[in-house]
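Okay, structure first, notes after.
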Amino acid sequence: MELCSEEAMKYVWEGAIPLQIHLHESDVTTLPPPPPALVLGPRIGYLPLLVPIIKPYFSGALPPGEDTVWFDYKGLPLKWYVPLGVLFDLLCAEPERPWNLTVGDGAVSVSVTLKIDQSPKVHFRGYPGEVLTPCEGEETVKWSYINSLKEAAYVINGNSKSIMNMPQADQFDLWQSLIKGDMDGYHRISSRLKLGPVGEDCILNRASSMQSRQATDEPEIVGSNRPSRLPVRLYVRNVDQDLEYLEDVQTLDNWDSVSYINRAIEFHKEGGNYMTLKHAMRNILREIFSEEASTNANELDGTEEADSAYRDLETTSMKNDLVEESTFGRQGPNKGTLVRIQGIEPDLDIPFAWVVNNLKNPDYFLHVCVYVGTSSKAKAK
Amino acid sequence: MYQWDGTLSPSEFDISVADLCERWREVGTSLPQWVWLPDRALGALSCNVAAGYLAIENIYHQNASEEGSFEESISRDEEPFDEATLVPSNKNDMHIYDYHILYSFTFRVPVLYFRGYQSDGCPLKLVDIEKDLPAYSLKLLRESKWAFITQEDHPYLHRPWYTLHPCGTGDWMKFLLCSDAPNKIPPLHGYLSAWLSVIGQVVGLRIPIGLFKSV
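One line per chain: the protein sequences are A and B, in this order.
All residue numbers for the first sequence refer to numbering that gives the first Met the number 0, where the first residue is 0 and numbers rise by one.
All residue numbers for the second sequence refer to numbering that gives the first Met the number 0, where the first residue is 0 and numbers rise by one.
Next up, the structure:
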């Protein structure tokens, strides 16, 4: 079975969120205020990397002084180290196109009387240091990314050596490929890092290069007794309402309402079958993805489902037809969940290996947004 | 031949937490007791082994310049003293620290998160915290590839805290606990006490001598 899909990976790398970025009213010193900047933000990228593009739009309107840029969405300061696509999937229950953000600053002269609505904004002053870790620009983001990569390597290989021993030039090229969205360039370098992909035998192909990715090659056996482990980051929102009506989901006003779960999923075959995405989720969120859930009578050939799910992957600014959400596992009578990865809501019976190989971020983590709510569509066993 | 890699599983962490709390109680110290705070956000919805953190808070820390040597400060700790009657020479010198121990599911080791404040509640910056650290600790932090302090979001409190990066922990714990018997897995219930007796010194948390000896 084909566990790697270059087409799927391309969708991920080319995925972007159309952003309409407003300068926060307290940063505006001109009348009329500058119009919002319209920017396409790569899903796999990070907000601070957009600052060089955004700043020219607003520099004429900013007060004098030093800038420390941060973003907020409806009052919630955005964590800059979370990939942009993940932020969008998590904060916009009902995808908003374009995504309205605010950039701005603390209280400086306000000379605007127009009402600016509560959409996401950019700030250039007044960095909320009690809520956000400091970010000084591209270097900080790169450092955070490399750290995530080291953590992923540790999970996969039991050590971070392949990252720590990377020549400086490779590290530079890897980072440049990421920010430019150059998938091929990225894979050329990352294939030397011995981080996968996951093969048919549930064994990580550490000696892989792009060509030998067909899972039937002899992969290296994982280190002596260690099961394969795959790095996953879950962002769980308990929305406490019907997931049928996503547009009614309350705005997130506090990061305390999101559980940030950093895990290593042990990866194995379940009685001859591939471990599914649902099995993997159950590893972490046992009660939500319990065994009692009804499953569709699917073939375990996940390719078909995956492809159909992919047709809905957001790559343009056109309105998205939402994929039907999955409602699996129940705590109470009508508990439902919605799993969103790279903007799509995949069938939970897709093999976990496929999901990881194709939907992971460049930091080798699979970032998964989970909405936990109720569902009038929840079916009994 | 199986070699222990210096890490521990989530359930081993839980057992070690209980063990540390008990040792801490038994060894007798003027420092407060550790308190386990479970992860409330997900609660019953998740697999909640090792989900939460061990906390010790409001630890008063005299300015480093006023402290004696490490040995002196330890012997001071052995004398019981009542914090309520402690009158600092200059109130502004008192820094207050909170320490949390969490489990890293990716590195499979404990991680320390900590925060410092001035007596008026104003948070300390890293440069201020470094002034509170013993000299040998600063040297280690500057020279070691494995020990360094960063500012990260606390996984449960979602705000920036300082932390000692966990990446090298497995290696030095392996050395600490089984350098004389490398092919055996040591009993892991004492893992956290052993770990804390080292980490505590790095961040200037005064670990009672009894804890270290009893591991």
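Beta carbons: idealized from backbone N, C-alpha and C, even for Gly.
Let me make sure I understand the geometry here. Which of the options has the alpha-carbon closest to that of residue i?
{"i": "residue 175 of chain B", "options": "B:56, B:190, B:58 and B:20", "result": "B:190"}
{"i": "residue 227 of chain A", "options": "A:158, A:191, A:253 and A:44", "result": "A:158"}
{"i": "residue 128 of chain A", "options": "B:128, B:129 and B:124", "result": "B:124"}
{"i": "residue 286 of chain A", "options": "A:334, A:160 and A:272", "result": "A:334"}
{"i": "residue 51 of chain B", "options": "B:39, B:57, B:58 and B:60", "result": "B:39"}
{"i": "residue 137 of chain A", "options": "A:72, A:351 and A:52", "result": "A:52"}
{"i": "residue 81 of chain A", "options": "A:273, A:45, A:347 and A:165", "result": "A:45"}
{"i": "residue 70 of chain A", "options": "A:36, A:47 and A:179", "result": "A:47"}
{"i": "residue 132 of chain B", "options": "B:178, B:112 and B:60", "result": "B:60"}
{"i": "residue 352 of chain A", "options": "A:50, A:231 and A:252", "result": "A:231"}
{"i": "residue 100 of chain A", "options": "A:88, A:89, A:85 and A:77", "result": "A:77"}
{"i": "residue 437 of chain A", "options": "A:147, A:134 and A:366", "result": "Nothing about residue 437 of chain A can be reported from this structure: the residues present for chain A run from 0 to 380 only."}
{"i": "residue 284 of chain A", "options": "A:131, A:83, A:169 and A:337", "result": "A:337"}
{"i": "residue 89 of chain A", "options": "A:347, A:9, A:249 and A:38", "result": "A:249"}
{"i": "residue 192 of chain A", "options": "A:153, A:162, A:229 and A:133", "result": "A:162"}
{"i": "residue 178 of chain A", "options": "A:372, A:154, A:39 and A:195", "result": "A:39"}
{"i": "residue 5 of chain B", "options": "B:136, B:14 and B:193", "result": "B:193"}
{"i": "residue 14 of chain B", "options": "B:35, B:183, B:207 and B:58", "result": "B:35"}
{"i": "residue 169 of chain B", "options": "A:253, A:154 and A:245", "result": "A:154"}
{"i": "residue 197 of chain B", "options": "B:102, B:183, B:2 and B:146", "result": "B:146"}
{"i": "residue 402 of chain A", "options": "A:66, A:12 and A:373", "result": "Because chain A here runs from 0 to 380, residue 402 of chain A falls outside it and cannot be looked at."}
{"i": "residue 17 of chain B", "options": "B:28, B:8 and B:33", "result": "B:33"}
{"i": "residue 157 of chain B", "options": "A:13, A:121 and A:252", "result": "A:252"}
{"i": "residue 121 of chain A", "options": "A:67, A:164, A:172 and A:130", "result": "A:67"}
{"i": "residue 57 of chain B", "options": "B:7, B:103, B:101 and B:115", "result": "B:115"}
{"i": "residue 20 of chain A", "options": "A:8, A:146, A:4 and A:56", "result": "A:56"}
{"i": "residue 268 of chain A", "options": "A:279, A:258 and A:190", "result": "A:279"}
{"i": "residue 72 of chain A", "options": "A:258, A:9 and A:86", "result": "A:86"}
Please report the Cβ distance between residue i and residue j, rounded to the nearest whole angstrom; I am assuming they are in contact, meaning their Cβ atoms lie under 8 angstroms.
{"i": "residue 236 of chain A", "j": "residue 256 of chain A", "result": "6 angstroms"}
{"i": "residue 371 of chain A", "j": "residue 238 of chain A", "result": "7 angstroms"}
{"i": "residue 97 of chain A", "j": "residue 17 of chain A", "result": "4 angstroms"}
{"i": "residue 2 of chain A", "j": "residue 180 of chain A", "result": "Actually they do not touch by this definition, with Cβ atoms about 24 angstroms apart."}
{"i": "residue 94 of chain B", "j": "residue 54 of chain B", "result": "Incorrect: roughly 18 angstroms between the Cβ atoms, too far for contact."}
{"i": "residue 59 of chain A", "j": "residue 29 of chain A", "result": "7 angstroms"}
{"i": "residue 102 of chain A", "j": "residue 37 of chain A", "result": "Actually they do not touch by this definition, with Cβ atoms about 13 angstroms apart."}
{"i": "residue 184 of chain A", "j": "residue 169 of chain A", "result": "11 angstroms between Cβ atoms; not a contact."}
{"i": "residue 445 of chain A", "j": "residue 83 of chain A", "result": "The requested residue 445 of chain A does not occur in the structure, where chain A is confined to residues 0 to 380."}
{"i": "residue 185 of chain B", "j": "residue 177 of chain B", "result": "5 angstroms"}
{"i": "residue 79 of chain A", "j": "residue 148 of chain A", "result": "That pair is no contact at about 17 angstroms."}
{"i": "residue 218 of chain B", "j": "residue 127 of chain B", "result": "Because residue 218 of chain B is not part of the residues shown, which for chain B are 0 to 214, the question remains open."}
Does at least one heavy atom of the ligand SAH sit under 7 angstroms from the Cβ of residue i?
{"i": "residue 63 of chain A", "result": "This structure does not include the ligand SAH; it has no bound ligands of any sort."}
(Q) Output needed in chain order: residues of the stretch 93 to 111 of chain B with a Cβ under 7 angstroms from some Cβ in chain A. (A) Listed by position along the chain: 104, 105 and 106.
(Q) I'd like to know if the stretch 143 to 156 of chain B and the stretch 357 to 370 of chain A are in contact, where contact means that at least 3 CB-CB pairs between them fall below 8 angstroms. (A) no
Q) Using a beta-carbon distance cut-off of less than 9 angstroms, what residues from the stretch 145 to 177 of chain A approach chain B? A) 146, 149, 150, 151, 153, 154, 157, 158, 159 and 163
Q: Examine the Cβ distances between the stretch 331 to 346 of chain A and the stretch 125 to 140 of chain A and report whether three or more of them are shorter than 8 angstroms.
A: Result no; under three Cβ-Cβ pairs closer than 8 angstroms.
Q. Are the stretch 139 to 149 of chain B and the stretch 47 to 61 of chain B touching by the rule of at least three beta carbon pairs closer than 8 angstroms?
A. As far as the Cβ criterion goes, the stretch 139 to 149 of chain B does not touch the stretch 47 to 61 of chain B, which means the pair count is below three.
**Q.** Any 3 or more C-beta pairs closer than 8 angstroms across the stretch 83 to 97 of chain A and the stretch 105 to 123 of chain B
**A.** no
Q.
So within the stretch 21 to 63 of chain A, which uninterrupted alpha helix (DSSP H) runs reach at least 4 residues, ignoring any that extend past its ends?
A. 50 to 57
Q) Is the stretch 160 to 169 of chain B touching the stretch 188 to 206 of chain B, taking contact as three or more C-beta pairs under 8 angstroms? A) As far as the Cβ criterion goes, the stretch 160 to 169 of chain B touches the stretch 188 to 206 of chain B, which means the pair count is three or higher.
Q) Three or more beta-carbon pairs under 8 angstroms between the stretch 131 to 145 of chain A and the stretch 346 to 356 of chain A, yes or no? A) No, they do not touch.
Q: Would you check if the stretch 249 to 263 of chain A and the stretch 100 to 108 of chain B touch, i.e. whether three or more CB-CB distances between them fall below 8 angstroms?
A: yes
**Q.** Minimum length 3: unbroken beta strand (DSSP E) runs contained in the stretch 140 to 193 of chain B
**A.** List check, beta strand (DSSP E) in window: 148 to 152 and 159 to 163.
**Q.** Segment contact, 8 angstroms Cβ cut-off, at least three pairs: the stretch 19 to 29 of chain B with the stretch 273 to 281 of chain A
**A.** no
Q: Counting only runs of 4+ residues fully inside the stretch 138 to 183 of chain A, write out the alpha helix (DSSP H) ranges in chain order.
A: 160 to 163 and 167 to 179
Q | Under 9 angstroms (Cβ pairs) to chain B, residues found in the stretch 175 to 196 of chain A | A | none
Q | Runs of alpha helix (DSSP H) wholly within the stretch 227 to 286 of chain A (minimum 4 residues, chain order) | A | 276 to 283
Q. Taking a cut of 7 angstroms between CB atoms, which residues from the stretch 147 to 176 of chain B lie near chain A?
A. The residues in question are 150, 151, 152, 154, 157, 158, 159 and 166.
(Q) Closer than 9 angstroms between beta carbons: that is the criterion. Which residues of the stretch 242 to 268 of chain A meet it against chain B? (A) 253, 254, 255, 256, 257, 258, 259, 260, 261, 262 and 263
Q) the stretch 35 to 67 of chain A: which residues have C-beta closer than 9 angstroms to a C-beta of chain B, in chain order? A) Using a CB distance below 9 angstroms, no part of the stretch 35 to 67 of chain A faces chain B.
Q | Members of the stretch 354 to 366 of chain A near chain B, C-beta cut-off 9 angstroms | A | The residues in question: there are none.
(Q) Give me the subset of the stretch 118 to 130 of chain A whose CB atoms are less than 9 angstroms from a CB atom of chain B, sorted by chain position. (A) Result list: 128, 129 and 130.
Q) Going along the chain, which residues of the stretch 68 to 88 of chain A sit with their C-beta nearer than 9 angstroms to a C-beta in chain B? A) 78 and 80
Q. What residues in the stretch 90 to 101 of chain A have a beta carbon less than 7 angstroms from any beta carbon of chain B?
A. none
(Q) To be precise: take each residue of the stretch 130 to 142 of chain A, compare its Cβ to all Cβ atoms of chain E, and keep it if any distance is under 8 angstroms. Which residues remain? (A) Absent from the structure: chain E. Protein chains present are A and B.
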